[in-house]
Structures are given as structure tokens and as C-alpha cells.
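Report on the structure given below.
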Amino acid sequence: MSLILGLESSCDDTAAALVTGDRRILAQAVVGQNDAHRPYGGVVPEIAARAHVQILPDLIRHVLAEANTDIAEVDAIAATAGPGLIGGVMVGLLTGKGLALSAGKPLVAVNHLEGHALSPRLVDPDLDFPYLLLLVSGGHCQILEVLGVGDYRRVATTIDDAAGEAFDKAAKLLGLPYPGGPAIEQLAKEGDPGAVPLPRPLVGSGEPHFSFAGLKSAVQRAAASGDHSPADIAASFQQAVVDCLVDRARLALERSDAPTLVVAGGVAANQAIRSALQQLATGSGRRFSVPPGWLCTDNAAMIAWAGAERYERGMVDDLSVPARARWPL
Ligand code: KG4
Ligand code: ZN
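Going by full-length UniProt numbering, the first residue of the sequence shown is number 1, and it counts up by one from there.
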């Protein structure tokens, strides 16, 4: 059975993992950089890249030791080659190339979005292609038909902000720390989701696209008015995002024969979003699959797994493969 070392460094998490082709996670570690970026209210690309340079080698040593193995035992090195902050992507990809070169192993250049898209298959052996995927992260908000490994059909995208970006911006307006998603989810537990009237951009429209910029402006007005508690704003905001995601996913499901609805990406860690989409799937007679929270936010197990899916299909890359800031699926 193949053994894949995965590396992830496309944003502000440095991660390494060892995963087998039969879905065993032998070791995995993620080092976040939230404290380094928090004073700036968002990720500073150069700080992130420098941190990856410092952290990644030790992390690789750590996962190899934890799995009680050696680079010689690994079948392939899978590294995120984009999309993301280019400095960080270059650190991880070049580290992967160096290991591949020195150990004489094949390299699999993984699209970070494909890592999220295939991650549910790591923990759900019954999840076959095709499936309808709602991919909601800090940088992306898309609905895709996942037809096979490397075979994606984009059904919808956002016309402005991504869902995670909306959480991060709303959190900033409420004086909450970065990253905003977990902070809003926590505060929302103390608030009334019906307290603050907020818009549901594009809900009811005939194309399944997303928009969150108007929602952010409405949160700004609600926060500035002083009429509402931060908890009520957080709960109402989260409910508005849930309503938008559910409405857009419903439309996409109506137009798709895929038997399973899947949600992945950092925002899929949100309990309110998970349960609303679970209900939607069940009500539409579809199966529902969502990875555990730790596999939704950035990690290297999903990169190693995407690497395993590719490696086993002979999809390996030349060492000249470029690092890409933009790389649509
Ligand atoms: O997938 P991810 O870790 O990184 C990207 O590839 O972007 O997603 C990060 C995003 C951030 O915007 C973060 O605020 C959001 O996911 N997020 C959440 C939650 N946990 C992370 N959003 C809502 N609720 C959460 N519990
Ligand atoms: Zn991600």
C-alpha cells in the first residue's frame, strides 16, 4: 500500500502528514501562525512565508519519527503547489522537490482546492464519484461537481467575497480576533439569530452563485448603530450565511443527479452550517458527507490523501512544476 508524505504551506498553517492509500493517517501535525498575524487582523504574506521556512523541516522530521519511518519508506512526496500566498507555496513546494530529488521519490504537485475537494474520501470510504461539493474556505466559495480525481465541473462561484472571508471581515467589525469563523461561531451561541435584520444576497436567484459583500456592509451598519449586542449581530450574521449557503446548494442539488452532497473547506468546520446542510441533503433524498472539523481547516493529511489518489492513478509531476498563486480547479 502506498505511503505518501504531504506538505501544506499555502496560507498561515504549516503542516506535514503521512497517509497511506488505504486511508490510514500514520502521523500528522499542523502549526498555526494565528498569534503572529493577529496584531494585523489578517495574514501577512511575508511573515507567513518566513514562518514556513522555520517550521516545516522540523515538522517533517516530527511526522516521520511519530510514524516510526524514514523518507526511504515513502512512495511519493505530495506538496501544495497552489493556489495561495506565493511565498508560502514556494517554501512547501521547493521543500517537496528537495526531498523528492534527494530521496529519489516522485513528486505530486497538489492543488490545495483539490486537497479540500477529496478530503472527505479520506474518512468516508463509501464516498464515490460523482458528488456535489460545496467548497467553503477563506479564499474560495464554490459548488463543484466532483466527477473523478482531477475532473471537476464548476457549478457556482462567488461574485465577490468567499464565505470564510465574510466571517473574517464580520469578526473584525465586531472586534473579534482573527480567524473570524471560530470566534463568530462561539459568540453566536449567546445571541439571537433573528435579532438583526440582515440581507441574504442572491437568495432566490436563478443561478447558484454567491455574494457576501452586501452582508458585510450590513454588519458594519448594525455594529455602528449601537442598537444591537455583538452576540446578536454574530448570531444573525451566521444565520444569514447559513441561509445563503443552503439556498444556493438547494438550487445546485435540483440541477444535479449526484447522489451525495459534500461540504469541505475551513467554513465547513462550523456546526450551524454542517447541520443545516445535513438537513438539506436528507430532505433532498441525498447522502451527506462532511469531514471532521480538523480535516476541514487547512492540514497536510488532505494534501497527502490527494497525493495518494493521484499517485495511485499515475498522476505524478515533473520537478519543473511551477508554484501558482492562482490555480482554479
Ligand atoms: O480552508 P481554510 O483553513 O483555509 C483556506 O484555504 O482558506 O479556511 C479558513 C477559513 C477562514 O476564513 C476561517 O475564518 C474559516 O475558514 N473558518 C470558519 C470556522 N473555522 C474556520 N468559519 C466559520 N466557522 C468556523 N468554525
Ligand atoms: Zn484551505
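Glycine included, C-beta positions come from ideal geometry on N, C-alpha and C. Everything numeric in this text was worked out from a predicted model, so none of it was measured.
message = Which residue marks the beginning of the beta strand (DSSP E) containing Asp13, and which one marks its end?
response = Residue numbering aside, residue 13 sits at position 13 when the sequence shown is read from its first letter. Start and end: Asp13 to Thr20.
request  = Express the C-alpha separation of Ala258 and Ala249 in angstroms, rounding to a whole number.
outcome  = In the sequence shown, counting from the first residue as 1, residue 249 sits at position 249. In the sequence shown, counting from the first residue as 1, residue 258 sits at position 258. Between Ala249 and Ala258, the C-alpha separation is close to 12 Å.
inquiry  = Measuring straight from C-alpha to C-alpha, what distance separates His209 and Gln142?
reply    = Reading the sequence shown from its first residue, position 209 is the one you call residue 209. Reading the sequence shown from its first residue, position 142 is the one you call residue 142. If I take the Cα positions, the gap works out to 8 Å.
query = Taking 7 Å as the cut-off, does the CB of Thr297 come closer than this to any heavy atom belonging to the ligand KG4?
reply = Locating residue 297 in the sequence shown gives position 297, counting from the first residue. Checking the Cβ of Thr297 against the ligand KG4 gives yes.
query = What residues are listed by DSSP as bridge partners for Glu145?
reply = For the purposes of this step, residue 145 is taken as residue 145 along the sequence shown, with counting starting at 1. Partner(s): Leu132 and Arg153.
ask   = Where does Val53 sit, in a helix, a strand or coil, going by DSSP?
value = Here residue 53 corresponds to residue number 53 of the sequence shown, with the count starting at 1. In this structure, Val53 counts as helix in the three-state DSSP scheme.
message = I need the straight-line Cα distance from residue 349 to Gly191, nearest angstrom please.
response = Residue 349 falls outside the range modelled here, since the chain spans only 1 to 329, and no answer is possible.
query = Taking 7 Å as the cut-off, does the CB of Gly104 come closer than this to any heavy atom belonging to the ligand ZN?
reply = Your numbering for residue 104 matches position 104 in the sequence shown. Because no heavy atom of the ligand ZN lies under 7 Å away, the Cβ of Gly104 does not count as near it: no.
query = Are Cys296 and Ala269 closer than 8 Å when you measure CB to CB?
reply = Along the sequence shown, one-based indexing puts residue 296 at 296. Along the sequence shown, one-based indexing puts residue 269 at 269. A contact, by the Cβ cut-off of 8 Å.
inquiry  = When you measure from the CB of Ala100 to every non-hydrogen atom of the ligand KG4, does any distance come out below 7 Å?
reply    = Taking the sequence shown and counting its residues from 1, one reaches residue 100 at position 100. Ala100 Cβ: outside cutoff for every heavy atom of the ligand KG4.
Buried/exposed call for Thr282, threshold 16 Cβ in 10 Å = Looking up residue 282 in the sequence shown gives position 282. Per the 10 Å Cβ criterion, exposed.
ask   = At a cut-off of 7 Å, is Ser137 close to the ligand ZN when judged by its beta-carbon and the heavy atoms of the ligand?
value = Stepping through the sequence shown from its first residue, residue 137 is reached at position 137. Yes, the ligand ZN has a heavy atom inside 7 Å of this Cβ.
message = Since Val196 and His228 should fall inside the 8 Å C-beta cutoff, what is the C-beta to C-beta distance between them, to a whole number of angstroms?
response = Translated into positions along the sequence shown, residue 196 becomes position 196. Translated into positions along the sequence shown, residue 228 becomes position 228. At roughly 5 Å, the Cβ-Cβ gap stays under 8 Å, so Val196 and His228 are in contact.
message = For Arg287, list the residues DSSP reports as bridge partners.
response = Your numbering for residue 287 matches position 287 in the sequence shown. Looking at the DSSP assignment, Arg287 forms a beta bridge with Thr260.
message = At the level of alpha carbons, what is the spacing between residue 371 and Ser217?
response = Residue coverage of the chain in this structure runs from 1 to 329, which leaves residue 371 outside it and unanswerable.
key: Alpha-carbon spacing of Arg154 relative to Ser256, whole angstroms   = For this step, residue 154 is matched to residue 154 along the sequence shown. For this step, residue 256 is matched to residue 256 along the sequence shown. Each residue's Cα considered, the two are about 12 Å apart.
query = Out of curiosity, what's the CA-to-CA distance linking Ser289 and Thr260?
reply = The residue labelled residue 289 in the question sits at position 289 within the sequence shown. The residue labelled residue 260 in the question sits at position 260 within the sequence shown. Taking the straight line from one Cα to the other gives about 7 Å.
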